[in-house]
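FYI, the numbering for the sequence shown is 133 to 554, going by our numbering.
Idealized CB from N, CA, C, for every residue including glycine.
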Amino acid sequence: MSLFTEAKKTIAGGVNSPVRAFAGVGGDPVFMKSAKGAWLETEDGRQLIDYVGSWGPMILGHAHPAVVDAVKQAADRSLSFGAPTVIETELARKICEYMPSIERVRMVSSGTEATMSAIRLARGYTSRDKIVKFEGCYHGHSDSLLIKAGSGTLTLGVPSSPGVPASLAEHTITLEYNDSAAVDKAFDELGEQIACVIVEPIAGNMNMVPPVEGFLDTLGTRCTDAGALLIFDEVMTGFRVARGGAQEIFGIKPDLTTVGKVVGGGLPAAAFGGRADVMSGIAPDGPVYQAGTLSGNPLAMAAGLATLKQIEDPAFFDSLTAQTRKLADGLAAESQSANVPLAVEACGGMFGFVFCSDGPVRRFDQVAAADIDRFRKFFHGMLEQGIYLAPSAFEAGFVSAAHGDDEISRTLDAARTVFKSI
Ligand SMILES: *Cc1c(COP(=O)(O)O)cnc(C)c1O
């Protein structure tokens, strides 16, 4: 019996997070056994080059010795105290150093918790209920954020999942990503009711969509003028597109930032932080409640700190960016010579590609209208060739520091073959 069939007997859907189930590409998911650097070993003994990187955290590649050693040493001291430890301060200091908009930080255990808590804080700080988010951005699965645009009116969002009360959805305004005019309209009409805008400064959950010129600045200006807070959700982009995240690249200082993925180095850690006066609103300093039994867990802190230390040198991102660029340019060239329309993006260690002929992709509807069937064929073709891509057309891809010239050229060789067959 297949491992997936066996898993489905006791695990809901056979997976512990839905995208792992291959529903977006068909077929059964691949079960992993171990990994080293850029390479995965599957339960059936295949070696695959990994472009998922655990959905972002593994920026150094798998089983980096500095990270593994740090975790082992931390484990020998204690798995968890539930009391303050010095390593929490050390990681907090690193986060604040790399992202200077963050003056105070609070550790949590997942990106979902980080965004949920940042929004509660923004609502508490402003004494307002409404939040603005963008179609195609993903901010974890808390109730207020599982909302899509309602038809017609600006004011009423609708739940995008059963189980989310409509009474909550009505406080979430969902706008088009990269549509500054829609942002202006929302603020003109409802500005004094808006607690915050939350945005992925480079969208990575609808494939990869960079912001258009002026979009993020509009968010900053309108938030400041209206007394609302700007939250950059850098759970994916933080320490991934540049050492200081997308905010470093675009030179924007959000009021609050959420980070996750890379900050835990592969263990469950995430954080939210920002302006000291805003952060003083959370318990125990302030009235906005937020807590966590395993928050700041010493193993997760050790993995995160060891990872952030490795990305300190500017040469790290120079080289990661160059490798990712090599991959992206190669994919663009190979698709072109096979006459397959493809729009490719890359930034730091993050990339995306969309099967469409109206690139560059800057809007959600372009991603939604892409050739999904072609993506499915490409995904399975690449998997057969030993290349493990995200099993969904709506995800970004990740390159690690362990992806050398050999891995990139093997990937492009595979792509050359597969583009010709789809
Ligand atoms: C992954 C992700 C989240 C959710 O993080 P989890 O750790 O999966 O809860 C939130 N926001 C963005 C931008 C993400 O990419």
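Residue i CB to nearest heavy atom of ligand 1 below 7 Å
{"i": "Tyr183", "result": "no"}
{"i": "Met368", "result": "yes"}
{"i": "Asn337", "result": "yes"}
{"i": "Tyr309", "result": "no"}
{"i": "Ser210", "result": "no"}
{"i": "His271", "result": "yes"}
{"i": "Gly392", "result": "yes"}
{"i": "Ser242", "result": "yes"}
{"i": "Ala314", "result": "no"}
{"i": "Asp365", "result": "yes"}
{"i": "Glu527", "result": "no"}
{"i": "Ala402", "result": "yes"}
{"i": "Glu175", "result": "no"}
{"i": "Glu332", "result": "yes"}
{"i": "Thr304", "result": "no"}
{"i": "Thr247", "result": "yes"}
Burial state of residue i, where buried means 16 or more other Cβ atoms lie within 10 Å
{"i": "Glu138", "result": "exposed"}
{"i": "Ala211", "result": "Looking at the sequence itself, residue 211 is Leu, so the reference to Ala does not match. By the 10 Å Cβ count, Leu211 comes out exposed."}
{"i": "Ile143", "result": "exposed"}
{"i": "Ser467", "result": "buried"}
{"i": "Thr425", "result": "exposed"}
{"i": "Asp497", "result": "exposed"}
{"i": "Tyr257", "result": "buried"}
{"i": "Phe213", "result": "exposed"}
{"i": "Gln179", "result": "exposed"}
{"i": "Pro416", "result": "exposed"}
{"i": "Arg225", "result": "exposed"}
{"i": "Asp320", "result": "exposed"}
{"i": "Pro343", "result": "buried"}
{"i": "Met133", "result": "exposed"}
{"i": "Ser553", "result": "exposed"}
{"i": "Gly177", "result": "exposed"}
{"i": "Glu220", "result": "buried"}
{"i": "Thr217", "result": "buried"}
{"i": "Tyr270", "result": "buried"}
{"i": "Asp461", "result": "exposed"}
{"i": "Pro523", "result": "buried"}
{"i": "Tyr183", "result": "buried"}
{"i": "Phe163", "result": "exposed"}
{"i": "Glu245", "result": "buried"}
{"i": "Gly158", "result": "exposed"}
Opposing strand residues paired with residue i [DSSP bridges]
{"i": "Glu173", "result": "Ser166 and Gln179"}
{"i": "Glu477", "result": "Gly484"}
{"i": "Thr389", "result": "Phe364 and Gly405"}
{"i": "Glu519", "result": "Sequence check: residue 519 is Ile here, not Glu. Ile519 is bridged to Ile181."}
{"i": "His194", "result": "Gly169"}
{"i": "Arg236", "result": "Gly406"}
{"i": "Phe530", "result": "Met482"}
{"i": "Pro291", "result": "Ile279"}
{"i": "Leu399", "result": "Gly397"}
{"i": "Ile123", "result": "Limits of the chain in this structure are 133 at one end and 554 at the other, which puts residue 123 out of reach."}
{"i": "Ala335", "result": "Val341"}
{"i": "Leu307", "result": "Phe266"}
{"i": "Gly370", "result": "Ala374"}
{"i": "Val420", "result": "Ile414"}
Practice item. Tell me, please, whether the region 214 to 232 touches the region 296 to 308 by the rule of three or more beta-carbon pairs shorter than 8 Å. Key: no
Practice item. Return the chain-ordered ranges of every beta strand (DSSP E) run that is complete within the region 249 to 273 and spans a minimum of 3 residues. Key: 262 to 266
Check your understanding: Is the number of C-beta pairs between the region 199 to 217 and the region 427 to 443 that are closer than 8 Å three or more?
Key -> With contact defined as three or more Cβ pairs closer than 8 Å, the region 199 to 217 and the region 427 to 443 are in contact.
**Study point:** Segment contact, 8 Å Cβ cut-off, at least three pairs: the region 176 to 194 with the region 208 to 222
**Key:** no
Review point. Do the region 358 to 369 and the region 504 to 514 meet, that is, are 3 or more Cβ pairs less than 8 Å apart?
Key: no
Exercise for review: Tell me, please, whether the region 307 to 325 touches the region 446 to 455 by the rule of three or more beta-carbon pairs shorter than 8 Å.
Suggested key: Flag = no, the region 307 to 325 and the region 446 to 455 do not touch.
Review point. Using 8 Å as the threshold, is the region 538 to 546 in touch with the region 490 to 504, meaning 3 or more CB pairs across them?
Key: no
Review point. At a cut of 8 Å, does the region 372 to 387 reach the region 333 to 347 through at least three beta carbon pairs?
Key: yes
Check your understanding: Do three or more CB pairs link the region 458 to 466 to the region 389 to 405 at distances below 8 Å?
Key -> no
Review point. Just checking, does the region 380 to 389 make contact with the region 343 to 361 on the three C-beta pairs under 8 Å criterion?
Key: yes
Practice item. Kindly confirm or deny that the region 244 to 262 and the region 469 to 486 touch, where touching means at least three C-beta pairs closer than 8 Å. Key: no
Check your understanding: Given 8 Å as the limit, is there contact between the region 406 to 421 and the region 232 to 241, that is, 3 or more CB pairs closer than that?
Key -> Yes, the region 406 to 421 is in contact with the region 232 to 241.
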